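Read top to bottom, the protein sequences are chains H and S. Mapping of the first sequence onto the working numbering: residues 374 to 601, in sequence order. Mapping of the second sequence onto the working numbering: residues 0 to 407, in sequence order. Ideal placement from N, C-alpha and C gives every residue a C-beta, glycine not left out. Given the structure is predicted, the values throughout are model-derived calculations rather than measurements. The structure under discussion appears below in the form of structure tokens.
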Amino acid sequence: MNTIEGLFARSPTLSPDMGPRAMLLALLLAFVLGQLIAWLYKRTHSGLSYSRSFTESLVLITMVVALVMFVIGDSLVTAFGLIGALAIIRFRNVLKDTRDTVFVFFALVLGMALGSQRHGPAIMGTLLLLSATAYLHWTRFGTNGIFDGHLSFRIQEGGSEHDTFGVIQRFCRRFRSLSTRRGAGVTEYVFVVSLRDTRRGDEMLRDLESLGSVGSVSLVLQDELSEV
Amino acid sequence: MAPKSTIPTPLAQRLRRARVGAIPFVVWILGVLLSMKLWLAGPTPPTYVGLATAPEHVLAAPIDGEVEHVLVAPFQYVEAGEPVASMNDARIEASIRTARAELAHLSAEARAQRAALVAADLRARRDEAARHASALSIASLEYPAELRAFHADEADLDRRVLETRLAITTSELEADRIELAVNRSRAMLDDALRPRSEFEDLEKRLLLERARAAGLREFADALHEERDAARARRRELTDSYQAPPTTSADEVDLDAQLAGWRSAVAVQERELDELALLRDAYILRAPATGYVAELGVTPRRFVLAGALVLVVAAGETNEVSMWVAESAAMPPAVGDRVVVSAAVGPAARVDAESIVQAIGPRVELLPERLWRDPRQAEYGRACRVGPVASLGLTPGERVRIDPVASTP
Numbered sequence: 374m375n376t377i378e379g380l381f382a383r384s385p386t387l388s389p390d391m392g393p394r395a396m397l398l399a400l401l402l403a404f405v406l407g408q409l410i411a412w413l414y415k416r417t418h419s420g421l422s423y424s425r426s427f428t429e430s431l432v433l434i435t436m437v438v439a440l441v442m443f444v445i446g447d448s449l450v451t452a453f454g455l456i457g458a459l460a461i462i463r464f465r466n467v468l469k470d471t472r473d474t475v476f477v478f479f480a481l482v483l484g485m486a487l488g489s490q491r492h493g494p495a496i497m498g499t500l501l502l503l504s505a506t507a508y509l510h511w512t513r514f515g516t517n518g519i520f521d522g523h524l525s526f527r528i529q530e531g532g533s534e535h536d537t538f539g540v541i542q543r544f545c546r547r548f549r550s551l552s553t554r555r556g557a558g559v560t561e562y563v564f565v566v567s568l569r570d571t572r573r574g575d576e577m578l579r580d581l582e583s584l585g586s587v588g589s590v591s592l593v594l595q596d597e598l599s600e601v
Numbered sequence: 000m001a002p003k004s005t006i007p008t009p010l011a012q013r014l015r016r017a018r019v020g021a022i023p024f025v026v027w028i029l030g031v032l033l034s035m036k037l038w039l040a041g042p043t044p045p046t047y048v049g050l051a052t053a054p055e056h057v058l059a060a061p062i063d064g065e066v067e068h069v070l071v072a073p074f075q076y077v078e079a080g081e082p083v084a085s086m087n088d089a090r091i092e093a094s095i096r097t098a099r100a101e102l103a104h105l106s107a108e109a110r111a112q113r114a115a116l117v118a119a120d121l122r123a124r125r126d127e128a129a130r131h132a133s134a135l136s137i138a139s140l141e142y143p144a145e146l147r148a149f150h151a152d153e154a155d156l157d158r159r160v161l162e163t164r165l166a167i168t169t170s171e172l173e174a175d176r177i178e179l180a181v182n183r184s185r186a187m188l189d190d191a192l193r194p195r196s197e198f199e200d201l202e203k204r205l206l207l208e209r210a211r212a213a214g215l216r217e218f219a220d221a222l223h224e225e226r227d228a229a230r231a232r233r234r235e236l237t238d239s240y241q242a243p244p245t246t247s248a249d250e251v252d253l254d255a256q257l258a259g260w261r262s263a264v265a266v267q268e269r270e271l272d273e274l275a276l277l278r279d280a281y282i283l284r285a286p287a288t289g290y291v292a293e294l295g296v297t298p299r300r301f302v303l304a305g306a307l308v309l310v311v312a313a314g315e316t317n318e319v320s321m322w323v324a325e326s327a328a329m330p331p332a333v334g335d336r337v338v339v340s341a342a343v344g345p346a347a348r349v350d351a352e353s354i355v356q357a358i359g360p361r362v363e364l365l366p367e368r369l370w371r372d373p374r375q376a377e378y379g380r381a382c383r384v385g386p387v388a389s390l391g392l393t394p395g396e397r398v399r400i401d402p403v404a405s406t407p
């Protein structure tokens, strides 16, 4: 801990605690509370413009800004330098993706930390932020992909919906009706489904078709990469 | 158809789902718990800032005047009592010369008065001796001729002794007057106000007068011997006769009559001593051993009494002034152990354990170099920490002070 303390050692003032433990606490809290913000954003979002990368960015921005305060500390010069650098980059590069902006911001802050010889915050901040980024990517943070795909089928009038839903329940862990359209003696259903075993999707289709009253069965599985 | 059981979910798919669903929640819970643990662990002990201090000694100008010479340079090492500057002492020198001249004048006047008194005494004695001789000559018919001759010789010798002593006194007085004139002439010669020939003439006259006085003294000694011999002959002879009573002049109480002059001379001597002491103040000396931290004067600069001349800082630092923020949650107490840390290189520090010796009684303005924002003044309480001699700090050097964590 002495070595880590030494990395954080700088000209002391009467300022608040800026040691490694304080920084770890700050970044950890930023990670935890940032996720709350992201989850609430995802839960309350309406419309078609939902973006997973934006949700991830909410967590990363929280952590990056916490790191910024440790880099700036109580130095007015560093603060104004950061503002100037940000303004230059913002107006020189139009960044459409929020996540790109976060990474540019992070690189900027890292450069300022190293340039002002705050090596401790730079190293710890980098390790924690990269870990958080990798973690968020690995867990597909902010994804809406709890369903594997869309299942659509038609049931003839007089057909057994109970048997149909029984087959669906057998193969799907979760399913939710998207739309129901009733026509001339036919009812068309569209469900979003979460398969118990994605490899046995064809088997589910054969079982549905074997019911007789069910036709035009189709299963469309969504690609992970299709989510933005 | 018998209902079929639900198909099992493969482990890989379960793990994929957990990666997206359960694991983030678990990690989040762990993050919350770790944050709470760090938070509840409490703040790290505060770090204080301090400045190494060394005793400083200020030398102020003792009197108004012009600084003539500055004998030291900034940051020069000086010993206590070493001359560091001198002030223009022309005025005090003139005052001393004036006092000396006045002393010489008073002394000469006292000698002259003494000589006058002695001369008057001698004249009185001479007249008395003459009257005695005359009385003897009148009564000489009743004495044998030899006794009359002895009396006459003795009286004559008395008269001549007194006359010689008078001449000696007069000569000495004259020599004193000439000596005074010589001193005045010498002073004027130094200032080129009188010619050298006048000075040399006075010196010659002084030598002559002194030689005359010396010659008269030798003559007086011879007369004394002769008179003593005559007196002895006369006594021997008058033992067998009843000689008329003789009178002698009363001794003049010189001490009483010269007391006033003597006291005036003594007063003038004390005044001269005072001026000599005052002249010493024109030589400014270092108040302590150390380095010249600040030099407040330059040559030819006029200063008022009390103006800063220089500041001497002791070379070794053994104390540190530590500042505690006004709003510190855990302020230190007297006797608390602390670790004083100083930088000795880009990434190297030396530490020394010390204690808090005293805490300032008031909240005061911090030194400007310790402010976080140069435009925002900061306040705190100053504390004295020491000893720190082992660190070899330079006065004014910035140090870090960390409280020593108390062990159970």
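Measuring only between beta-carbons, confirm whether residue i sits less than 8 Å from chain H.
i, result
"isoleucine 22 of chain S", "yes"
"alanine 402 of chain S", "For the record, residue 402 of chain S in the displayed sequence is proline; it is not alanine. Output row for proline 402 of chain S: interface = no."
"glutamine 12 of chain S", "yes"
"threonine 316 of chain S", "no"
"glycine 30 of chain S", "yes"
"threonine 297 of chain S", "no"
"serine 320 of chain S", "no"
"serine 34 of chain S", "yes"
"valine 349 of chain S", "no"
"threonine 52 of chain S", "no"
"arginine 336 of chain S", "no"
"valine 19 of chain S", "yes"
"threonine 5 of chain S", "yes"
"proline 330 of chain S", "no"
"threonine 393 of chain S", "no"
"serine 389 of chain S", "no"
For residue i, count the other beta carbons within 10 Å of its own beta carbon; 16 or more makes it buried, fewer makes it exposed. Which is it?
i, result
"tyrosine 76 of chain S", "exposed"
"alanine 507 of chain H", "exposed"
"arginine 74 of chain S", "The residue asked about is misnamed: residue 74 of chain S is phenylalanine in this sequence, not arginine. By the 10 Å Cβ count, phenylalanine 74 of chain S comes out exposed."
"serine 170 of chain S", "buried"
"threonine 246 of chain S", "For threonine 246 of chain S, the predicted structure reports a pLDDT of 48, less than 50, and the residue's modelled location is therefore unreliable. The matter cannot be settled from this model."
"methionine 329 of chain S", "exposed"
"alanine 495 of chain H", "buried"
"aspartate 157 of chain S", "buried"
"proline 23 of chain S", "buried"
"threonine 97 of chain S", "exposed"
"alanine 430 of chain H", "Note that residue 430 of chain H is serine in the sequence shown, not alanine. Classification of serine 430 of chain H: buried, given that the 10 Å Cβ count is 16 or more."
Roughly how many angstroms separate the alpha carbons of residue i and residue j, rounded to a whole number?
i, j, result
"alanine 213 of chain S", "arginine 122 of chain S", "21 Å"
"alanine 180 of chain S", "alanine 219 of chain S", "28 Å"
"valine 160 of chain S", "arginine 130 of chain S", "16 Å"
"serine 4 of chain S", "phenylalanine 404 of chain H", "42 Å"
"glutamate 225 of chain S", "arginine 232 of chain S", "11 Å"
"valine 444 of chain H", "isoleucine 461 of chain H", "19 Å"
"alanine 248 of chain S", "arginine 261 of chain S", "For alanine 248 of chain S, the predicted model reports a pLDDT of 43, less than 50, meaning its position is unreliable and no value from the coordinates is stated."
"valine 376 of chain S", "valine 323 of chain S", "Position check: residue 376 of chain S holds alanine in this sequence, whereas valine was assumed. Straight-line Cα distance between these residues: approximately 14 Å."
"tryptophan 511 of chain H", "arginine 18 of chain S", "8 Å"
"alanine 505 of chain H", "valine 319 of chain S", "44 Å"
"leucine 303 of chain S", "alanine 287 of chain S", "22 Å"
"proline 61 of chain S", "phenylalanine 301 of chain S", "13 Å"
"leucine 467 of chain S", "aspartate 175 of chain S", "No answer is possible for residue 467 of chain S: it lies beyond the span of chain S, which begins at 0 and ends at 407."
"alanine 210 of chain S", "alanine 115 of chain S", "21 Å"
Establish whether the CB of residue i and some CB of chain S are separated by less than 8 Å.
i, result
"valine 566 of chain H", "no"
"threonine 451 of chain H", "no"
"threonine 435 of chain H", "no"
"valine 475 of chain H", "no"
"arginine 546 of chain H", "yes"
"threonine 428 of chain H", "no"
"leucine 397 of chain H", "yes"
"aspartate 470 of chain H", "no"
Q) If contact means a Cβ-Cβ distance below 9 Å, which residues of the stretch 358-381 of chain S contact chain H? A) Along the stretch 358-381 of chain S, going in chain order, the ones with a CB nearer than 9 Å to a CB of chain H are Leu365, Leu369, Trp370, Arg371, Asp372, Pro373, Arg374, Glu377 and Gly379.
Q) For the stretch 585-593 of chain H against the stretch 514-531 of chain H, are there 3 or more C-beta pairs whose distance is under 8 Å? A) With a cut-off of 8 Å, the stretch 514-531 of chain H and the stretch 585-593 of chain H count as touching, because enough Cβ pairs lie within range.
Q | Inter-stretch contact at 8 Å, needing at least 3 Cβ pairs: the stretch 511-529 of chain H / the stretch 557-567 of chain H | A | Touching, yes.
(Q) Closer than 7 Å between beta carbons: that is the criterion. Which residues of the stretch 399-410 of chain H meet it against chain S? (A) Sequence-ordered contacts of the stretch 399-410 of chain H with chain S read Leu401, Leu402, Phe404, Val405 and Gln408 [C-beta pairs closer than 7 Å].
Q) Should the stretch 49-59 of chain S be called in touch with the stretch 538-555 of chain H, which here means at least 3 C-beta pairs below 8 Å? A) Contact between the stretch 49-59 of chain S and the stretch 538-555 of chain H is not established, with fewer than three Cβ pairs separated by less than 8 Å.
Q. Taking any Cβ of chain S, which residues in the stretch 514-527 of chain H have a Cβ under 9 Å from it, in chain order?
A. Cβ proximity to chain S below 9 Å picks out Phe514, Thr516, Gly518 and Ile519 from the stretch 514-527 of chain H.
Q. Any residues in the stretch 582-596 of chain H with a beta carbon nearer than 7 Å to a beta carbon of chain S? Which ones, in chain order?
A. Interface annotation for the stretch 582-596 of chain H against chain S: empty, criterion Cβ-Cβ distance under 7 Å.
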